[in-house]
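As structure tokens, the structure follows; a few thoughts come after it.
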Amino acid sequence: MKRTFLLLLAAVITIFSGCKKNSAVPLGDNANSTPAAKKLTIAFLPKSKGNAYFVSCAKGAQRAADELGDKLIIDGPTDPDPARQNEIVENWITLGVDVIAAACENKEGISTALRKAQAKGIKVITYDADALPDARSFFVNQATPQGIGYSLMDEAARLCESNGEFAVITGSLTAENQVEWRKYVEERRAAAYPDMKNVSVQACDDLKDKAQSEATALMGAYPNLKLILSTTSLGVPGAAEAIKQAGKTGVVKNIGLGLPSENKRYVHDGVTQSVILWKTEDLGYLTVYAADALARSTLKPGDRTFRAGSLGEFQIEGDNIMLGKPFTFNKDNIDQFDF
Amino acid sequence: MNMDKHGSKNFLLRHETILFVALVAEWIFFDAVGHNFGTYDNSCDILRHSCEIGLLALAMTPIILTGGIDLSVGSLLGLCAILFGKFWRDAGMPIPVAAVCTIGIGALAGGFNASLIAWLRLPPLIVTLGTFSLFRGLAEAITHGVDTFTDFPNSFLFLGQERWLGIPSQAPIFIFAAIFFWLLVHRTTFGRSFRAIGFSPEGTRFAGLPVARRVAMVYVLAGIVSAIAAIIYTARLGQAKADAGTGYELFAITAVVLGGTSIFGGIGSIHGTVLGVAAIAVLHSGIAHALLPGEMAGMLTGVLLILALAGSILPKMISGLCARKSAPRLAKQIS
Numbered sequence: 021m022k023r024t025f026l027l028l029l030a031a032v033i034t035i036f037s038g039c040k041k042n043s044a045v046p047l048g049d050n051a052n053s054t055p056a057a058k059k060l061t062i063a064f065l066p067k068s069k070g071n072a073y074f075v076s077c078a079k080g081a082q083r084a085a086d087e088l089g090d091k092l093i094i095d096g097p098t099d100p101d102p103a104r105q106n107e108i109v110e111n112w113i114t115l116g117v118d119v120i121a122a123a124c125e126n127k128e129g130i131s132t133a134l135r136k137a138q139a140k141g142i143k144v145i146t147y148d149a150d151a152l153p154d155a156r157s158f159f160v161n162q163a164t165p166q167g168i169g170y171s172l173m174d175e176a177a178r179l180c181e182s183n184g185e186f187a188v189i190t191g192s193l194t195a196e197n198q199v200e201w202r203k204y205v206e207e208r209r210a211a212a213y214p215d216m217k218n219v220s221v222q223a224c225d226d227l228k229d230k231a232q233s234e235a236t237a238l239m240g241a242y243p244n245l246k247l248i249l250s251t252t253s254l255g256v257p258g259a260a261e262a263i264k265q266a267g268k269t270g271v272v273k274n275i276g277l278g279l280p281s282e283n284k285r286y287v288h289d290g291v292t293q294s295v296i297l298w299k300t301e302d303l304g305y306l307t308v309y310a311a312d313a314l315a316r317s318t319l320k321p322g323d324r325t326f327r328a329g330s331l332g333e334f335q336i337e338g339d340n341i342m343l344g345k346p347f348t349f350n351k352d353n354i355d356q357f358d359f
Numbered sequence: 558m559n560m561d562k563h564g565s566k567n568f569l570l571r572h573e574t575i576l577f578v579a580l581v582a583e584w585i586f587f588d589a590v591g592h593n594f595g596t597y598d599n600s601c602d603i604l605r606h607s608c609e610i611g612l613l614a615l616a617m618t619p620i621i622l623t624g625g626i627d628l629s630v631g632s633l634l635g636l637c638a639i640l641f642g643k644f645w646r647d648a649g650m651p652i653p654v655a656a657v658c659t660i661g662i663g664a665l666a667g668g669f670n671a672s673l674i675a676w677l678r679l680p681p682l683i684v685t686l687g688t689f690s691l692f693r694g695l696a697e698a699i700t701h702g703v704d705t706f707t708d709f710p711n712s713f714l715f716l717g718q719e720r721w722l723g724i725p726s727q728a729p730i731f732i733f734a735a736i737f738f739w740l741l742v743h744r745t746t747f748g749r750s751f752r753a754i755g756f757s758p759e760g761t762r763f764a765g766l767p768v769a770r771r772v773a774m775v776y777v778l779a780g781i782v783s784a785i786a787a788i789i790y791t792a793r794l795g796q797a798k799a800d801a802g803t804g805y806e807l808f809a810i811t812a813v814v815l816g817g818t819s820i821f822g823g824i825g826s827i828h829g830t831v832l833g834v835a836a837i838a839v840l841h842s843g844i845a846h847a848l849l850p851g852e853m854a855g856m857l858t859g860v861l862l863i864l865a866l867a868g869s870i871l872p873k874m875i876s877g878l879c880a881r882k883s884a885p886r887l888a889k890q891i892s
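Protein chains in written order, with the numbering used here: chain A, 21 to 359; chain B, 558 to 892.
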């Protein structure tokens, strides 16, 4: 027992004495060349790794990094532990990346880690879901909550001829962006379509089968339901499957935020009428271009526009780089998109 | 002389020694492959990230030694985190008072597990599976799943994010807990009774030991430690939310089992658990620094667990085979 204890002690001593005392070296291979020509290391953090939405973002990000000649590291949580994103960021800090682009699962939680990165001279940019303003330089805004909420409600009203009952399936009742989007759906309904009634809001925990069972329950509870509106990408195919199995194709309409690839089949079958989203590859692409420019100081606070490679010019409102208006995918155009 | 030789051979083949060698190998490997892995900064980060799971694993060790299990520690961490936030923000308590109250809640929750297991004699797996859902459910109900506690004072965040005397400020708590549990398990009669209970609860009772009280004690301790881990977790993230500590119970159990504690009870050690926690934490950090995909951490933890268990069983099997071979010879000699 005593020997084991001594061994442990020896281990701790060797490990700590073996440490190179804060000799952290930057990852970029040519540190002494001019900053403009230096190859940057960009760390790209999705909310969760397996999600098709972020896979598509990462594809655009990789394309941008290849064009710029930067090194791109992509890592994200694979389990629901809210501390995982912080740990990934902290690992990147010791790794010595040049710039971090993060989609934040927990605004306040991750901000502590991002601030720490900034204190070590690492530039921080957020995309998809923002951190606290003092924890990053810019936020790449895929669409304003107002733009999304209004687009969804307008599309719902168009399909329902501005009257009747509809229900909402949301990713979670708590996530910042979901709450915002639902607020603007309601604002638009109250202002422009008073004859439409939102009968229920259900959370599907970002699970397709939960969305399906919630949709089935909604159709059972509200026989006059005309439309299901999902504010989460997994809600739309889940609800579509429920509508199809209930034999209510076309009777209960189905729209929401979602990826074209996940909904193609249902759109062609006429179960789902339209899917609303921004072009996610463009979001990743723009984020990496902005991250690169930020690290090279060619993008500075106060700039009004930003040019991102083949996508051209984007507007900057305050510290938000705007991706533009949401895009509606339907029967006519959905085959043109493969994400 | 012969005894001594036998002892040192056992020492070399002991599970903890094998795990220690594996840990050093892991460190050397990632230091060679990874970028900025062996730096002092990163060592501190590894220590910081393993504090909460390390604390839970320390408390889990005596429980598993008695042949029990506690699946509720992760959920209790979540419940304690949001109650701590509530005490501070809504009840207006100063941080130290809120912390003491949270630890009290942890003890109560541990006591709830303890009374069901020790006195009603319900199986620990079922009881803590129940409280696993109950505690998490309570946390979600109290916050309605929406409420997040943030904006803690910097003096409190210091505990989770800064350094004190050159080491992460939460590390002394972990080190103190490790010494406390080591003394409890290895240097007191309590510790010996945990093992005895793990081997044979009935036998221990007939030997005149208060089995129910001892079993209750380990679950109450786990509750207290979960509450302490919750406070450290809140300080590290700067936020308390109902989903804090999701899945931590499994990480803790993995670390304990990796550290050589038998899941059936009776066998195990605290230093083994500390090595188990370190092996997993180094693996997680190493994978990030070697720029390998994060999913590999789960996979390699599994491989490490199986290798470590196989590594400690193989020598026993070989010596067992040798013993069987020599047994007939011995029998012949006697006849």
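A virtual CB, placed ideally from N, CA and C, is assigned to each residue, including glycine.
- Close to chain A, meaning a Cβ-Cβ distance shorter than 9 Å, is no residue of the segment 723-736 of chain B at all.
- Contact residues of the segment 842-861 of chain B toward chain A are S842, A845, H846, L848, P850, G851, E852 and G855 (C-beta to C-beta distance below 8 Å).
- Among the residues of chain B, those whose CB is under 7 Å from the CB of D101 of chain A are T803 and G804, following chain order.
- The criterion of a C-beta distance shorter than 8 Å is satisfied by I610 of chain B and A812 of chain B.
- The distance from the Cβ of L303 of chain A to that of Y204 of chain A is about 19 Å, inconsistent with a contact at the 8 Å cut-off.
- Distance check between T190 of chain A and each of A:S317, A:T318 and A:Q198 places A:Q198 closest, using alpha-carbon atoms only.
- If you look at R327 of chain A, you'll find it in the beta strand (DSSP E) that goes T325 to A328.
- C608 of chain B and I113 of chain A have their C-alpha atoms spaced approximately 19 Å apart.
- The Cβ atoms of D86 of chain A and L60 of chain A do not sit closer than 8 Å to each other.
- In summary, the residues of the segment 104-120 of chain A whose CB is separated from some CB of chain B by less than 9 Å are R104, N106, E107, I108, E110, N111, W112, I113, T114, L115 and G116, in the order they occur in the chain.
- Nearest in C-alpha terms to F159 of chain A, of all of A:S330, A:N350 and A:Y309, is A:Y309.
- At the C-beta level, E301 of chain A and K79 of chain A come within 8 Å of one another.
- If only uninterrupted alpha helix (DSSP H) runs of at least 4 residues are considered, those enclosed by the segment 705-774 of chain B are 711-718, 728-744, 746-756 and 758-763.
- Contact annotation: V839 of chain B and I603 of chain B have beta-carbon atoms nearer than 8 Å.
- Excluding the 5 residues flanking it on each side, R135 of chain A has same chain C-beta neighbours closer than 6 Å at A155, in chain order.
- L794 of chain B belongs to the set of residues whose beta carbon lies under 8 Å from a beta carbon in chain A.
- Counting only runs of 4+ residues, the alpha helix (DSSP H) found wholly inside the segment 130-201 of chain A occupies 165-180, in chain order.
- The Cβ of K798 of chain B sits closer than 8 Å to at least one Cβ of chain A.
- Pairing S629 of chain B with A235 of chain A, the inter-Cα distance amounts to about 32 Å.
- Put simply, of B:G717, B:L640, B:A655 and B:L677 the residue whose alpha carbon is nearest the alpha carbon of C601 of chain B is B:G717.
- The alpha-carbon separation between K268 of chain A and E261 of chain A amounts to approximately 10 Å.
- The beta carbon of T705 of chain B falls within 8 Å of a beta carbon belonging to chain A, placing the residue at that interface.
- For a cut-off of 8 Å, the C-beta gap from L815 of chain B to L857 of chain B is around 12 Å, too long to register as a contact.
- In the DSSP assignment, A313 of chain A falls within the alpha helix (DSSP H) that extends over T300 to A315.
- Residue contact check for D647 of chain B against chain A: no CB pair falls below 8 Å.
- Taking the Cα of S250 of chain A as reference, the smallest distance to any Cα among A:M342, A:S192 and A:L343 is reached at A:S192.
- In terms of Cα proximity to L682 of chain B, the closest of B:G855, B:F751, B:I810 and B:I844 is B:I810.
- Taken atom to atom, the span from the alpha-carbon of A664 of chain B to that of N350 of chain A is near 57 Å.
- Contact check between the segment 645-664 of chain B and the segment 839-851 of chain B: fewer than three CB pairs, one atom from each, fall below 8 Å, which does not count as touching.
- When the Cα atoms are used, V256 of chain A and T707 of chain B turn out to be separated by approximately 33 Å.
- The Cβ atoms of R771 of chain B and F756 of chain B do not sit closer than 8 Å to each other.
- Using a C-beta cut-off of 8 Å, the segment 723-738 of chain B makes no contact with the segment 655-670 of chain B, since fewer than three inter-stretch Cβ pairs fall below that distance.
- With 16 or more other Cβ atoms inside 10 Å of its own Cβ, C658 of chain B counts as buried.
- In the DSSP assignment, no residue is bridged to K127 of chain A.
- Proximity of G780 of chain B to chain A, defined by a Cβ-Cβ separation below 8 Å, is not satisfied.
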